[in-house]
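Enquirer: Pasting a structure here, questions to come.
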Amino acid sequence: MAGESATLSTGFIPDSLLLPQLEAGPEAAISGQEAPILQIDSEFQHLIPPLTSNELDELRESLSTQGCRDKLLVWKDHNILLDGHHRYTICHELGLDFDIKEIELPSRDDVKIWIIKNQRGRRNLTPSQLSMLAVKLEAIYSEKAKENMGTRTDLGQDLGQGEGGRSAEKAAEDMGVSHQTVSFAKNVATKGIPELVRRVESADITVSAASKIASLPSETQEKIMEKIETQIEAGSNPKVAAIMREIVPSDQETPKDADELLETFRKKQEDNLKLLQGIETSQRPENLVEMLAVAEKITAKLKEIETKSLGPDQIPADSCIIKADLFKTFLMSLVPASNDLRLEFEAGGVHAVATDMIGYLAAEAFLPKESFEKYFDLGKIGLPNTKRLIQMISSISSDRLPGKKNLRLYIESNDGGDYSGIDEDPDWRIMHSQDCLGVLRGLSGRGNFRYRLLKPELIMDREMPDISLPCELQVDGKKLMIALEHAKALDQIGKFLLSGGSFDIVSLNNEVRGTQHVDCIVQKGEFADPHIDLNRLMRIRRTIEKSMEVTLGLGIGMPMTMELKIGETAFRYYIKETQPVALR
């Protein structure tokens, strides 16, 4: 079978035949006393994969010879058993003492999450069993997300795709399985007949093989499962592939999921793109005519699929496509100076300037159009809460998942409607539609979001200070951050000392322990010693760390400037000098 080798079991014993539905009793919990009577919650109980008959026999033997060494876990203040259902039943049957340990959990959903995640560490479960648990976990996460969103109905498909995608990824991570394996499990859980689901949960069939069976009609599934059950009862590993070839007609292929086909297509296209990387010219350019024609047909087909897949309010107009992480880095570089931003989509790219309220920190960033997979001039837009937008982008993108890195951005213009409930963090300045420019829509392979835009004229106009400094030097971004972290551990203020061609960051509290040397290339000037608030620099550490080359402008009793690049994106910072007495 594909995916993993199935674990052979000699039989399956339903929990309903093992666990008596006992009435609630006292909360006694120590050895030597009469075994306490605990409540069994059937919903909690059925979250746990059942033991095979062999496993149950081994457990009974262990308890009878060694006693119940592990404590049974109970939901505090509810007297409901959370872990140890089989041990509990056997202990009562054999008259064995046992201890209990109370676990404090706030709600039933939190209990279910705890029970499922607890199984990963307690038992030697197969990836197939873990993936089936992940499906249950995903459903709980999704339900909790909906509850957290309240009773709002304005989100439409956003909640299902955004929160649902995050729930699926989190469930897969928590159970230590791949997102693809969880997709197989979800197909089994939603389309598989009960016998099929049961055999996956008992590790008799791998989830990848079961997913193929689940895609067939119920009648066909029943025929396949009859033969599988016969082979298991005979003590053999079920030969799923052979059984399917025997029962499923050769002209009736197992239906393939559309998203699975698209993912296969995407991978092939990326491989094809790699083949083209080393080609600059062709001896037969006439062949390119046919290739370009095919590429146009592919693009047209993908656009057709996208249009049919999206709701009428999601069909993108003129849009930009960019790697989500790159756009996030651009925004995060500016947020330390101001959470309110005005982005200007110009002919050459996107430009923004941000300054704090007291003039200590100013930031400027330019994201060239070449950084985009597709670029369109969206004009000037106001971001009233940039941190919220960064969170939204993070929620629907992932560098860890293939095909989930790009972000499509476009604007829905303000049609006079009510935008007060589009995102989760309402801003008082755009509660009225006349202040709202429109809605920024973001689409990725994991979901979509809607973010209200403020009219750009309502964002304070900011300018980057124009200053020329006598000294200039270049340093490595990561090495600079290491020095800043050491200096910051000793003092809030650091002296940026350039002298004799050497550059040091000096802690004012302890110049011996707090002097951090940084390798540099001096481009002009001989001496500078501005005092800089290290806290302000630490706010832009992520931007600094990602830059291979940082250019510092320094002087005596003057501000400091910083210029750096990440890829093609350029950043500039202005940091005002801080007098030491001001912070002592």
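Just so we're aligned: 192 in our numbering is position 188 of the sequence shown, and the numbers increase by one with no gaps anywhere.
Where is the CB? At the ideal position from N, CA and C, for every residue including glycine.
Quantities reported herein were computed from a predicted structural model and do not represent experimental measurements.
#1: For residue 481, which residues of its own chain have a beta-carbon under 6 Å away from its beta-carbon, when the five flanking residues on both sides are left out?
#2: Identify, in the order they occur along the chain, each residue of the same chain with its Cβ nearer than 7 Å to the Cβ of residue 617, setting aside the five sequence neighbours on each side.
#3: DSSP puts residue 372 in a beta bridge; with which residues?
#4: Is the stretch 384–391 touching the stretch 453–468 in the sense that three or more CB pairs, one from each, lie closer than 8 Å?
#5: Between 122, 78, 81, 110, which lies nearest to residue 51 when the distance is taken from Cα to Cα?
#6: Which residues does DSSP pair with residue 414 in a beta bridge?
#7: Measuring alpha carbon to alpha carbon, tell me which residue in 466, 276, 135, 413 is nearest residue 442.
#8: Tell me the DSSP secondary structure of residue 288 in three-state form.
#9: DSSP three-state label for residue 583, please.
#10: Using a Cβ distance threshold of 8 Å, determine whether the stretch 172–179 contacts the stretch 133–151, with at least three qualifying pairs required.
#11: Quick one: Cα of residue 266 to Cα of residue 118, how far?
#12: Which runs of the beta strand (DSSP E) spanning at least 3 residues fall entirely within the stretch 57–144, listed in chain order?
#13: Considering only DSSP beta bridges, list what residue 359 is partnered with.
#14: Measure the C-alpha to C-alpha separation of residue 324 and residue 461 and round it to an integer number of angstroms.
#15: Buried or exposed for residue 87, please, with buried defined as at least 16 other CB atoms from any protein chain shown within 10 angstroms of its CB.
#16: With burial defined as no fewer than 16 other Cβ atoms inside 10 Å of the residue's Cβ, what is the status of residue 58: buried or exposed?
#17: For residue 108, which residues from the same chain have a beta carbon less than 7 Å from its beta carbon, with the 5 sequence-adjacent residues on both sides left out?
#18: For residue 56, tell me which candidate among 310, 77, 192, 203 has the shortest Cα-Cα distance.
#19: Any idea if residue 303 is buried or exposed, counting beta-carbon neighbours within 10 angstroms, 16 or more meaning buried?
#20: Out of 253, 399, 299, which one is the CA nearest neighbour of residue 277?
#21: Please confirm if the stretch 357–372 is in contact with the stretch 330–344, defined as three or more CB-CB distances below 8 Å between the two stretches.
#22: Can you look up residue 18 in the DSSP assignment and give me helix, strand or coil?
#23: Between 45, 207, 492, 268, which has its C-alpha nearest residue 511's C-alpha?
#24: Which residue marks the beginning of the beta strand (DSSP E) containing residue 503, and which one marks its end?
#25: In the DSSP assignment, find the beta strand (DSSP E) that holds residue 527 and state where it starts and stops.
Expert: On the basis of the data shown:
#1: Numbered from 1 along the sequence shown, position 477 holds the residue referred to as residue 481. Closer than 6 Å at the Cβ level, and outside the excluded window around residue 481, lie 548, 549, 551, 554.
#2: Absent from the model: residue 617. The displayed extent of the chain is 5 to 588, so no value can be given.
#3: Counted from its first residue, the sequence shown places residue 372 at position 368. DSSP output for residue 372 lists 353 as bridge partner(s).
#4: yes
#5: Counting from 1 along the sequence shown, the entry for residue 51 is found at position 47. Answer by Cα proximity: 122.
#6: What you label residue 414 is simply residue 410 of the sequence shown in a count that begins at 1. Per DSSP, 445.
#7: As a working mapping, residue 442 is identified with position 438 in the sequence shown. Among 466, 276, 135, 413, the Cα nearest to that of residue 442 belongs to 413.
#8: Within the sequence shown, the letter at position 284 stands for residue 288. Residue 288 falls in the coil class under three-state DSSP.
#9: Stepping through the sequence shown from its first residue, residue 583 is reached at position 579. Of the three classes helix, strand and coil, the one that applies to residue 583 here is coil, per DSSP.
#10: yes
#11: Translated into positions along the sequence shown, residue 266 becomes position 262. Translated into positions along the sequence shown, residue 118 becomes position 114. Going from the Cα of residue 266 to the Cα of residue 118 covers about 35 Å.
#12: 76–79, 84–87, 104–107
#13: Numbered from its first residue, the sequence shown carries residue 359 at position 355. DSSP, once it has assigned bridges, lists 366 as partnering residue 359.
#14: For the purposes of this step, residue 324 is identified with residue 320 of the sequence shown, where counting begins at 1. For the purposes of this step, residue 461 is identified with residue 457 of the sequence shown, where counting begins at 1. Taking the straight line from one Cα to the other gives about 23 Å.
#15: Locating residue 87 in the sequence shown gives position 83, where the first residue counts as 1. Its Cβ being crowded by 16 or more others within 10 Å, residue 87 is buried.
#16: Here residue 58 refers to the residue found at position 54 when the sequence shown is read from its first residue. Exposed: under 16 other Cβ atoms inside 10 Å.
#17: Within the sequence shown, the letter at position 104 stands for residue 108. The answer, listed in chain order, is 80.
#18: Counted from its first residue, the sequence shown places residue 56 at position 52. Minimum Cα distance to residue 56 is reached at 203.
#19: Taking the sequence shown and counting its residues from 1, the one referred to as residue 303 is at position 299. Under this definition residue 303 is an exposed residue.
#20: As a position in the sequence shown, residue 277 is number 273, starting the count at 1. Among 253, 399, 299, the Cα nearest to that of residue 277 belongs to 299.
#21: yes
#22: As a first step, residue 18 must be located in the sequence shown, where it is residue number 14. For residue 18, the pLDDT reaches just 38, beneath the cut-off of 50, and the residue's location in the model is therefore unreliable, leaving the point undetermined.
#23: Working through the sequence shown from its first residue, we reach residue 511 at position 507. Comparing Cα positions, the closest option is 492.
#24: Counting from one through the sequence shown, the residue named residue 503 turns up at place 499. Residue 503 -> beta strand (DSSP E) spans 497–503.
#25: Numbered from its first residue, the sequence shown carries residue 527 at position 523. It spans 525–528 - the beta strand (DSSP E) in which residue 527 sits, taken as one unbroken run.
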